[in-house]
Each structure stands twice: as C-alpha cells, then as structure tokens.
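Add 53 to the 1-based position in the sequence shown for our numbering, that's all there is to it. A virtual CB, placed ideally from N, CA and C, is assigned to each residue, including glycine. Please read these numbers as outputs of a predicted model, since none were measured by experiment.
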Amino acid sequence: MQGIDLKLGSERSGGSGNGNRKDVTSVSKTHLLKEDFEIGIDEKKKEIINMVCGNNKDLLVIPIIGMGGIGKTTLAKSVYYDTQVKEHFDVRAMACVSKEFDKLEVTRKIYSDVTNNQPSLKQLGILPLMNLDILQSKLETELANKKFLIVLDDVWNENRRDWLNLICPFKGQPGSRIIVTTRNEDVAKIVGSHCELPFVHMELLNDEDCLKLMLHHADPAFISFHDNPAFKDVATE
C-alpha cells in the first residue's frame with residue numbers, strides 16, 4: 054500500500070506553566086489546517102525525545118528525513134508539543150523554511166517566538182525594518198542564557214554557508230537542540246551534528262495504519278478498530 058499524506062497540521066499554542074517557557078505562535082499557515090491525527094509515529098517520537106532530552110551538553114541538530122507528505126512535520130510537532138519536551142526547555146520556536154530559504158524571514162519568525170511574552174517589535178512597526186545582522190544580534194542575546202529547542206521545518210537548501218549563517222545566533226545554554234525536517238539526505242548531512250547521532254528516517258505506514266488514517270478522513274470521530282471492528286472489514290474490502 055502506498056504512503057498516505059500525514060500533514061494534517063494545526064498549531065496548538067499555550068504555555069507550559071513553567072516560568073518563562075514560551076510556545077510558538079508564528080509558523081507557516083500550512084501548519085494551521087486541522088488537529089493532528091498522529092498515527093504510526095510512536096517509536097520515532099520516543100527516539101527523538103530521547104535525543105532531545107538526553108544528557109549530551111552539545112548543541113545537537115537532529116534531522117528528520119522522508120519523502121513529501123510522509124509525516125515529518127507531524128512528527129516534529131508531536132515532539133515539540135510533548136509535555137516532557139515543553140518542560141525540558143526554557144524557550145521553543147518553530148518556523149517553516151521551505152525552498153526559498155529566506156534567512157531574514159525565518160529569523161524574524163524565530164525571534165518573534167522566543168520573545169513572545171515581551172512587547173512586540175512587530176506591533177511597534179520595528180521588526181519589519183530590522184535587517185538580518187541586527188535581528189541575529191538580538192536573537193543571539195535572547196538565546197544566550199536559555200536552553201532552547203528550535204524546529205526548522207521543510208529545509209531544502211544544500212548550501213552549507215547559508216546554513217551556518219542562519220544558525221550563527223543559536224548559542225544557548227548546554228543541551229539546546231535543533232530539529233530539522235527535510236526530504237533531502239544531502240541537506241541532512243550538511244545540517245546534522247557531527248557525532249554518533251543517527252538521522253531519523255521516516256517510513257511508509259503499514260497497511261493497518263493506512264486504513265486507520267483513511268477512516269479518520271472519512272470519520273474524524275474514528276479512534277481505533279477496537280471500538281469499531283466493522284470499519285476494518287468495510288475498509289479492507
């Protein structure tokens with residue numbers, strides 16, 4: 054059975070209730086469609102959470118690799134919003150990068166997220182006027198004393214210099230993490246941490262999970278075959 058698109062994204066904003074920890078609000082509108090229906094990602098999610106919340110003090114970059122529509126964004130968001138992860142970091146941000154790789158716009162989004170509880174430069178009309186150098190300097194200052202998690206979704210650019218320029222302000226406290234989703238293994242090799250950290254490869258759903266996803270599209274109230282055994286027979290036919 055062929056892979057089925059899992060991008061059913063929506064943003065779920067809200068505080069973790071832990072001091073200055075902040076949630077992302079400014080991500081691509083493509084992530085704001087529906088509530089996620091998470092299926093077939095439990096093991097990958099545990100794997101990433103173990104890396105994200107592990108004891109390694111280095112700044113680790115964790116690439117999630119897979120074809121378009123296979124669920125990379127859904128997996129990254131599931132990790133991002135996990136309670137354990139939210140409590141582990143002082144600040145978190147998520148931005149969609151896409152093919153254009155607009156460093157200024159991505160930096161604006163990240164800066165907006167990490168300063169979420171402060172007076173908005175955007176509202177004051179200042180943020181759109183700031184160039185990349187000024188923004189990166191301010192972002193570096195904001196991140197300097199914080200353990201952060203930053204998710205960069207849908208990265209295509211294979212230019213290592215561009216990548217290093219984008220992340221140059223990402224100098225937080227030990228244990229900070231970056232998650233990158235990409236379709237391209239060459240991108241993963243460029244951005245990935247130079248250590249024994251493995252890449253996370255997304256796999257096609259098995260037949261039963263494909264059926265569950267299909268039935269969820271047909272009936273959003275669908276939860277499991279255990280509660281609706283007849284659904285499985287109909288879907289299989």
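May I ask you to list the residues that DSSP assigns as paired with residue i?
{"i": "H254", "result": "I118"}
{"i": "D206", "result": "C149"}
{"i": "T234", "result": "I117"}
{"i": "F201", "result": "V144"}
Please return the same chain residues whose Cβ sits closer than 6 Å to the Cβ of residue i, not counting the five positions on each side in sequence.
{"i": "P222", "result": "Q189, L192 and E193"}
{"i": "K82", "result": "With a pLDDT of 35 at K82, under the threshold of 50, the predicted position of this residue should be treated as unreliable, though the coordinate-derived value follows. Nothing listed; no residue qualifies."}
{"i": "S151", "result": "D207"}
To which residues of the same chain is residue i closer than 7 Å at the C-beta, ignoring the five residues directly before and after it?
{"i": "K98", "result": "L128, S131 and V132"}
{"i": "G70", "result": "Any reading at G70 needs caution, since the residue's pLDDT is 43, under 50, leaving its predicted position unreliable; the model's value is listed next. Contacts found: none."}
{"i": "L203", "result": "At residue 203 the sequence reads Ile, which differs from the Leu that was named. A146, I163, F223 and I231, listed in sequence order."}
{"i": "L185", "result": "K156, L157 and T160"}
{"i": "Q226", "result": "N198, K199 and K200"}
{"i": "G245", "result": "V114, P116 and F252"}
State the start and end residues of the unbroken alpha helix (DSSP H) segment that holds residue i.
{"i": "I102", "result": "D95 to V105"}
{"i": "I220", "result": "R213 to I220"}
{"i": "Y164", "result": "K156 to V167"}
{"i": "I187", "result": "L185 to L196"}
{"i": "L128", "result": "K125 to Y133"}
Out of the options, point me to the one whose CA is closest to residue i's CA.
{"i": "V159", "options": "R214, I220, E211 and N169", "result": "I220"}
{"i": "L196", "options": "D155, V144, I243 and G122", "result": "V144"}
{"i": "W216", "options": "E153, L182 and I123", "result": "E153"}
{"i": "N108", "options": "T136, S229 and V233", "result": "S229"}
{"i": "L205", "options": "A146, I123 and G124", "result": "A146"}
{"i": "D95", "options": "N218, D135 and I203", "result": "D135"}
{"i": "E238", "options": "S165, K110 and P251", "result": "P251"}
Take residue i and list the residues in its own chain whose beta-carbon comes closer than 8 Å to its own, dropping the five residues that flank it on each side.
{"i": "R213", "result": "I243"}
{"i": "M255", "result": "K97, I117, I118, G119, M120, I123, G124, K125 and L128"}
{"i": "E100", "result": "V253"}
{"i": "M104", "result": "L113, I115, R230 and L250"}
Could you check how far apart the C-beta atoms of residue i and residue j are, in whole angstroms? I think they sit under 8 Å.
{"i": "I102", "j": "T234", "result": "Incorrect: roughly 16 Å between the Cβ atoms, too far for contact."}
{"i": "V240", "j": "E211", "result": "6 Å"}
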